[in-house]
Structure formats: structure tokens, C-alpha cells
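Student: Order-wise, the sequence lines are chains V and G.
Heads up, my numbering is the position in the first sequence plus 4, with the first residue counted as 1.
Heads up, my numbering is the position in the second sequence plus 95, with the first residue counted as 1.
From the three backbone atoms N, C-alpha and C, an ideal C-beta is built for every residue, glycine too.
Source: prediction; values computed, not measured.
The structure's right below; bear with me while I get my questions together.
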Amino acid sequence: MTSATAAPPSSPPASTGSALRDSLVELIRVTSTVLPADVVRAVNAARGAEAKGSNAAYALDVIDCNIGLAKTKSQPLCQDTGSVLFYVHTPVGYDQVAFTAETEAAVRIATTRGHLRQNSVDAVGGKNSGDNVGPGAPDIHFHQWHRDHLEVILMLKGGGCENVGAQYSLPHPQHGGRDLKGVENAILDAVLQAQGQGCGPGILGVCIGGDRSSGYAHSKVQFLRPLDDRNGDPVLDDLEQRIVTKANQSGIGPMGFGGATTLLGCKISKLNRVPASFFVTISYMCWAYRRQGVDLTPAGVIQKWIY
Amino acid sequence: MALVQLTTPVTVEQARSLRLGDTVEITGRLYTGRDAVHHRLHQGVKPPVDLNGSIIYHCGPVMVQQDGKWVCTAAGPTTSIREEPYQWEVIRDHGVRAVIGKGGMGPKTLAACKDYGAVYLHAIGGAAQVCAERITRVDGVDWTDLGSPEAIWHLWVERFPAIVTMDSHGGSLHADVFAASQAAMAKLKA
Numbered sequence: 005m006t007s008a009t010a011a012p013p014s015s016p017p018a019s020t021g022s023a024l025r026d027s028l029v030e031l032i033r034v035t036s037t038v039l040p041a042d043v044v045r046a047v048n049a050a051r052g053a054e055a056k057g058s059n060a061a062y063a064l065d066v067i068d069c070n071i072g073l074a075k076t077k078s079q080p081l082c083q084d085t086g087s088v089l090f091y092v093h094t095p096v097g098y099d100q101v102a103f104t105a106e107t108e109a110a111v112r113i114a115t116t117r118g119h120l121r122q123n124s125v126d127a128v129g130g131k132n133s134g135d136n137v138g139p140g141a142p143d144i145h146f147h148q149w150h151r152d153h154l155e156v157i158l159m160l161k162g163g164g165c166e167n168v169g170a171q172y173s174l175p176h177p178q179h180g181g182r183d184l185k186g187v188e189n190a191i192l193d194a195v196l197q198a199q200g201q202g203c204g205p206g207i208l209g210v211c212i213g214g215d216r217s218s219g220y221a222h223s224k225v226q227f228l229r230p231l232d233d234r235n236g237d238p239v240l241d242d243l244e245q246r247i248v249t250k251a252n253q254s255g256i257g258p259m260g261f262g263g264a265t266t267l268l269g270c271k272i273s274k275l276n277r278v279p280a281s282f283f284v285t286i287s288y289m290c291w292a293y294r295r296q297g298v299d300l301t302p303a304g305v306i307q308k309w310i311y
Numbered sequence: 096m097a098l099v100q101l102t103t104p105v106t107v108e109q110a111r112s113l114r115l116g117d118t119v120e121i122t123g124r125l126y127t128g129r130d131a132v133h134h135r136l137h138q139g140v141k142p143p144v145d146l147n148g149s150i151i152y153h154c155g156p157v158m159v160q161q162d163g164k165w166v167c168t169a170a171g172p173t174t175s176i177r178e179e180p181y182q183w184e185v186i187r188d189h190g191v192r193a194v195i196g197k198g199g200m201g202p203k204t205l206a207a208c209k210d211y212g213a214v215y216l217h218a219i220g221g222a223a224q225v226c227a228e229r230i231t232r233v234d235g236v237d238w239t240d241l242g243s244p245e246a247i248w249h250l251w252v253e254r255f256p257a258i259v260t261m262d263s264h265g266g267s268l269h270a271d272v273f274a275a276s277q278a279a280m281a282k283l284k285a
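Following this line, the structure appears as C-alpha cells:
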């Protein structure tokens with residue numbers, strides 16, 4: 005719970021004069037540089053599973069070293085600081101317009117300080133905005149709740165793992181029909197197609213149902229769950245465990261080098277669908293699973309780190 | 096499988112001496128080049144640096160300016176397969192002897208490695224700090240109009256680690272693992 009605060013910045017940054025903005029910059033810095041404790045535990049467990057001297061063991065040793073260096077140096081775990089995704093809960097009536105402006109300002113500052121790469125590119129003209137702000141960036145998902153404080157969770161999701169996400173429409177000629185078997189085969193196919201491209205060992209977020217857009221959105225929300233939690237739905241829990249077991253029997257291994265650990269976890273949820281549609285949507289998260297969150301007072305002061 | 100110290104520029108003979116599974120440590124010059132660079136080279140634009148004997152690094156680093164100098168603060172590999180349509184041509188036309196990236200590449204690149212004498216080197220994806228530690232200098236940058244992550248950065252590295260996963264003799268770890276995992280998954284089907 006407190007591990008996220010352990011990495012000091014290399015030099016104390018100047019305050020921006022806004023408590024909320026300072027807190028958001030700090031959230032970005034920690035998310036980019038410190039891997040959450042639940043993910044570190046999973047990586048460590050995977051290290052013990054690979055054969056000594058194998059490429060897989062080498063990859064996990066380098067990953068372990070990288071996790072330590074990034075935290076100590078307060079520099080990005082991965083140079084692809086990814087899509088900047090905020091999941092925000094606010095008290096009812098909270099000014100979301102002002103929050104958005106503060107978030108954009110924080111993202112600009114974090115980019116200047118090197119916590120974020122210049123990562124936002126005009127999709128047609130190719131021009132990099134240089135400050136990570138532009139149409140769709142940063143991506144902020146607001147929800148209201150009947151509580152007094154704000155919860156702000158940030159996820160930085162790199163392009164390599166985003167590119168291997170997939171959406172299947174069932175029935176499917178190779179993977180099967182509109183049942184759990186079809187779902188399972190579709191998910192395993194996504195793992196097979198991803199190979200090492202998504203920087204495995206990876207974590208899957210899956211949505212069964214929904215439509216094409218809600219399926220992807222909901223699959224990503226699964227990454228907010230702690231990696232070591234269990235699904236409250238016994239059917240989905242069973243499927244999650246089975247996917248991880250089978251994926252790890254595939255032999256794809258860390259980085260696609262071959263080996264025992266292909267997935268560190270799988271999180272599955274469901275949304276109602278219309279009778280005509282049956283989507284299985286899979287988002288892939290790399291081992292550099294950067295998500296962190298804070299509880300904030302309405303004035304923007306950090307009360308608690310979440311992961 | 097050997098540990099090989101590789102210095103730039105790399106000769107055809109050196110590239111051909113590397114075998115699947117060898118670990119290399121590179122000392123010398125790396126040029127970053129990813130999607131936009133490969134696309135532009137494919138369009139026939141002359142490269143701003145001599146790529147003969149060079150190593151291209153599929154990487155979009157995080158660069159910050161400190162006291163007027165560029166410092167690289169994160170520089171792991173990006174996914175290489177996106178360069179599959181172009182890489183073979185860049186190897187053929189510019190004498191590139193090695194490509195560093197992650198995730199591996201396909202049959203066109205593998206054929207170019209064989210035909211012209213080049214290798215694909217796999218760095219550890221996401222390990223931006225381990226890689227950046229081996230970058231001791233940033234000596235220049237070209238094509239900054241492409242944006243910082245897509246520009247050609249001239250990096251000087253010392254003992255930069257990577258594994259040969261595609262060699263000049265037709266060997267590809269990626270093709271091997273895909274075939275084996277496809278067979279395994281077929282048996283695991285629900």
C-alpha cells in the first residue's frame with residue numbers, strides 16, 4: 005500500500021501552486037517509474053519457474069533488474085509511456101471541466117520532466133503534439149459516487165501490448181460457438197497470435213459481451229483489479245484460472261523466447277449483449293503493468309496510495 | 096551458444112558468424128529507426144547517415160535536454176514486426192548488418208538476413224532502464240521532423256546486451272516458438 009511512495013524524485017520538483025496538479029504529476033511519476041507491488045510479486049514468482057540458464061530466465065532477470073533501476077533512478081520503466089488513461093471517481097457535483105484542465109497541465113509537466121515520452125501523434129498528419137495533449141489524450145473516464153473524496157487511478161498502456169489486443173465475434177469458424185468453449189478458444193487464440201509481441205509475460209483483461217466499443221473499454225477496466233484477487237463469479241473465476249494454466253502450457257514464455265510463464269494473470273468480466281452479437285474482447289497488458297492510484301481530498305491532496 | 100563482443104561497424108563475415116541463441120554485447124554506434132524512418136527510407140529518401148555496416152535499433156527513446164545536451168533516460172526496444180514490409184529492403188539497399196528490436200520479424204526479413212548477411216538481435220522489451228544504462232552518449236539526431244520517438248538518434252553504447260533470435264543461416268527462434276506453441280495450443284483447445 006505504501007510502496008509506491010518509496011521512490012524519491014532525483015531532485016525535489018517545484019510546486020506548481022496547485023495541490024491537485026502537484027498530486028497528479030506525482031501520480032504520473034510514480035506510475036511511470038515504480039511497478040506496483042502485486043505485479044512485482046507475480047514477476048518474482050515467475051522467475052522461480054524458468055529453467056536456469058534459459059533465455060526465459062535471462063529475460064526475467066533483466067526485467068527484475070529494470071524494475072529496481074527504474075525505481076531507484078525515478079526514470080520510466082519502459083520508454084513507451086503509452087496511452088495515458090485516467091479512471092476517476094468524484095463526489096457528486098465536482099467540477100470535471102476544471103479537473104480535466106488540471107490533468108492536462110499535469111501531463112504537460114510530467115512530459116517536460118521526462119516521466120512521459122512525447123507520445124501523442126496526429127493520426128493523419130503525423131505531427132507529434134510534443135506534450136501528450138491532443139484529441140483523445142489524455143483519456144479521462146469520469147464516474148460520480150456518493151463519497152467525499154476523489155479516487156484517481158492512472159494506467160499507462162504501451163503500444164506494443166495494445167497492438168496485440170483482439171476482438172472475436174462468435175460463432176467463429178475456428179474457435180467455436182456462443183458458449184464458454186468458444187470464449188476460451190478465442191482467448192487462447194489471442195495469446196497464441198500475440199506470441200512475444202506484447203512484452204510477456206502478460207496479463208489479459210477480457211470482456212465477454214457488450215458491443216465493439218464497450219467490450220474494449222471494459223476489458224481494460226479489468227486491469228484495475230489487483231493481480232492476485234479472485235473473481236467473485238465462480239464461472240468466470242474458473243475460466244480465468246484455466247486460461248492462465250493453459251497459456252502457460254503453450255511454451256511461448258517470457259518475450260516469446262519459449263518457457264514456462266506466458267501469462268501472469270487473466271481477468272474476465274461480462275456485459276450484457278444484444279441477441280445478435282456475441283463479442284469476446286481481449287486486451288493484453290505487458291509485464292510493465294503500470295497502474296497506480298490515489299485517494300485525494302476535494303482540494304487535491306493525496307490521502308492514500310491504492311496499489 | 097556463445098557470448099560475443101560485437102563492435103561497430105559490423106562486417107558481413109561477423110554477421111554471418113553469429114548463430115541463433117548467441118548472446119551479444121555491442122559496443123559502438125546504434126542508430127534508432129522505427130516506423131516513420133523505415134517508411135521514409137522505403138519511399139526512397141536518402142538516409143542522413145551512412146548505414147553501411149550499421150546496427151539499427153527499433154527504439155523510440157525518452158530524451159531530455161540537460162545543460163544543452165541530450166540525455167537518454169529510457170530506451171528499450173519497440174515491436175519490430177511493424178517494419179516487416181520494409182526491413183528487407185533497408186538491409187539490401189543500405190548494408191545494415193544487424194537490427195535490434197523485440198518480438199522478432201517475419202520471413203521477408205529472415206530471407207534478407209540470409210541473402211545479404213545480417214542478423215536480428217532481441218533486446219528485452221520494456222527493459223528501458225537496463226538498455227539506457229548502456230547508452231553512454233547521445234552524439235546527434237536527424238529527422239526530428241518525425242517527432243522525438245521517431246527520429247534517428249545517434250547513440251553510443253557500451254556492452255549493450257541482446258540475443259540472436261534470427262541469424263543469417265535461416266534460423267528463427269520466433270518461427271520455432273510459434274510452430275511449437277501452435278501445436279501445443281491445438282491440443283489444449285476446449
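Could you tell me which chain V residues have their CB closer than 7 Å to the CB of V157(G), listed as they occur along the chain?
Tutor: Correct list: P80, Q83, G118 and R121.
Student: Since S276(G) contacts L196(V) with CB under 8 Å, what's their CB separation in whole angstroms?
Tutor: Right, the Cβ-Cβ distance comes to about 6 Å (below 8 Å), so this counts as a contact.
Student: If we ignore side chains and look at the alpha-carbon of each, how far apart do L89(V) and S263(G) end up?
Tutor: Going from the Cα of L89(V) to the Cα of S263(G) covers about 42 Å.
Student: Mind checking if C165(V) is an interface residue toward chain G, Cβ cutoff 7 Å exclusive?
Tutor: Not closer than 7 Å to any Cβ of chain G, the Cβ of C165(V) fails to qualify, so no.
Student: From T9(V) to Q109(G), what does the alpha carbon distance come to, in whole angstroms?
Tutor: Note that T9(V) scores 45 on pLDDT, short of 50, meaning its location in the model is unreliable; the coordinates nonetheless yield the value given after this. Distance between the alpha carbons of T9(V) and Q109(G) is about 47 Å.
Student: Could you check which residue in N235(V), S287(V) and G134(V) has the C-alpha nearest to that of V159(G)?
Tutor: Looking at the Cα atoms, G134(V) is the closest of the given residues.
Student: How would you call N59(V), buried or exposed, if buried means at least 16 neighbouring beta carbons within 10 angstroms?
Tutor: Under this definition N59(V) is a buried residue.
Student: Does the beta carbon of G169(V) sit closer than 7 Å to a beta carbon anywhere in chain G?
Tutor: Answer no: the Cβ-Cβ gap between G169(V) and chain G never drops below 7 Å.
Student: Straight-line CA distance for A206(G) to L192(V)?
Tutor: Cα to Cα, A206(G) sits roughly 30 Å from L192(V).
Student: Comparing alpha-carbon positions, which option in Q138(G), L241(G) and G190(G) lies nearest P180(G)?
Tutor: Checked all of Q138(G), L241(G) and G190(G); the closest Cα to P180(G) is Q138(G).
Student: What's the gap between the Cα of E228(G) and the Cα of H176(V)?
Tutor: Cα-Cα distance, rounded: 47 Å.
Student: Which value, in whole angstroms, describes the spacing of the CA atoms of S112(G) and D162(G)?
Tutor: Computed Cα separation, rounded: 42 Å.
Student: Which word fits P205(V), buried or exposed, when buried means at least 16 other C-beta atoms lie within 10 angstroms of its C-beta?
Tutor: By the 10 Å Cβ count, P205(V) comes out buried.
Student: Would T6(V) count as contacting chain G if we go by Cβ distances under 7 Å?
Tutor: Because the pLDDT of T6(V) is 39, which lies under 50, any placement of that residue in the model is unreliable, and the question is left without a value.
Student: List in chain order: all unbroken beta strand (DSSP E) runs of 3+ residues lying wholly within the stretch 151-177 of chain G.
Tutor: Correct list: 157-161 and 164-169.
Student: Ignoring anything shorter than 3 residues or poking outside the stretch 183-267 of chain G, list the beta strand (DSSP E) runs there in chain order.
Tutor: Runs of the beta strand (DSSP E) inside the stretch 183-267 of chain G: 193-196, 214-217, 230-237 and 247-261.
Student: Taking V225(V) as the reference, which of H147(V), L31(V), D65(V) and L174(V) has the closest Cα?
Tutor: With distances taken between Cα atoms, V225(V) lies closest to H147(V).
Student: Where does P95(V) sit, in a helix, a strand or coil, going by DSSP?
Tutor: Three-state result, P95(V): strand.
Student: Listed from N- to C-terminal order along the chain, which residues in the stretch 235-251 of chain G have their beta-carbon within a distance smaller than 7 Å of any beta-carbon of chain V?
Tutor: Correct list: G242, S243 and P244.
Student: Just list the alpha helix (DSSP H) runs in the stretch 88-163 of chain V, keeping only unbroken ones of 4 residues or longer that don't cross its boundaries, in chain order.
Tutor: The stretch 88-163 of chain V contains these whole alpha helix (DSSP H) runs: 100-116.
Student: For chain G, check one thing: does any of its Cβ atoms lie closer than 7 Å to the Cβ of E155(V)?
Tutor: No, because no Cβ of chain G sits closer than 7 Å to the Cβ of E155(V).
Student: Would you list, in sequence order, the uninterrupted alpha helix (DSSP H) runs of no fewer than 4 residues that lie entirely inside the stretch 170-256 of chain V?
Tutor: Counting whole runs of 4 or more residues, the stretch 170-256 of chain V contains the alpha helix (DSSP H) stretches 184-198, 216-225 and 238-251.
Student: For the alpha helix (DSSP H) that contains R114(G), what are its first and last residues?
Tutor: Looking at the DSSP string, R114(G) is not in any alpha helix (DSSP H), and its letter there is neither H nor E.
Student: Put K56(V) into one of helix, strand or coil per three-state DSSP.
Tutor: In the structure shown, K56(V) sits in coil (DSSP, three-state: anything other than H, G, I, E or B).
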